[in-house]
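Structure (structure tokens):
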């Protein structure tokens with residue numbers, strides 16, 4: 007699909023322009039919204055995404071200094087449905103780099119830049135501070151099972167609050 011081609015270019019490509027990179031991520035996001043998110047929401051489904059709009063803010067805006075207002079303007083007006091909840095698995099950069107190497111052997115172009123990862127981490131911290139009820143920081147060094155249990159509990163509480171789970 008078109009989104010897969012965009013992701014390959016973004017992750018493996020040699021893009022020099024943060025404008026190009028950001029617009030490609032937003033194009034990939036738009037495809038995902040139209041193919042998966044909007045139809046799922048229309049059918050009353052709960053949608054879980056590994057990365058979504060907050061990752062664009064963290065990576066491109068906070069990590070690479072792309073103007074936040076541009077990303078927010080493109081995302082506004084219902085183009086990208088706003089997530090009800092974001093979990094940020096916070097890990098120190100050195101721990102993240104060690105996990106990446108252990109899991110994949112070779113980091114991609116985002117993962118091998120320690121200073122970029124630290125700016126991204128600080129960006130997620132900013133988002134948590136701005137919207138503490140929606141963006142939840144979780145200690146990513148904790149046991150994965152415990153993290154999953156906490157996430158499921160938070161999602162269930164949100165669904166009950168919204169009247170979507172009985």
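Residue numbers (this note's numbering): 7 to 172. Every residue gets a Cβ at the ideal spot worked out from N, C-alpha and C, and that includes glycine. Computed from a predicted model, the values in this text were never measured in an experiment.
Keeping to the same chain, check which residues put their C-beta closer than 8 Å to that of residue 74; ignore five residues upstream and five downstream.
-> 63 and 67
Find the nearest neighbour of residue 93 within the set 120, 140 and 39, judged by alpha-carbon distance.
-> 140
Taking the CB atoms as reference points, tell me whether residue 146 and residue 91 lie closer together than 9 Å.
-> For residue 146 and residue 91, no; Cβs fall outside 9 Å.
Please report the residue range of the alpha helix (DSSP H) in which residue 238 lies.
-> Residue 238 lies beyond the range of the chain shown here (7 to 172); nothing can be said about it.
Out of 121, 128, 161 and 116, point me to the one whose CA is closest to residue 27's CA.
-> Comparing Cα positions, the closest option is 116.
Compare the C-alpha of residue 70 against each of 122, 161, 131 and 29 and name the closest.
-> 122
Select from 150, 31, 85 and 160 the residue whose C-alpha is nearest the C-alpha of residue 14.
-> 31
Should the stretch 107–114 be regarded as contacting the stretch 29–44, the criterion being three or more beta carbon pairs within less than 8 Å?
-> At 8 Å Cβ cutoff, the stretches do not touch.
What residue range is occupied by the uninterrupted beta strand (DSSP E) comprising residue 96?
-> 92–96
Excluding the 5 residues preceding and the 5 following residue 124 in the sequence, name in chain order all residues of the same chain whose CB lies nearer than 8 Å to its CB.
-> Excluding residues within five positions, the ones whose Cβ falls inside 8 Å are 99.
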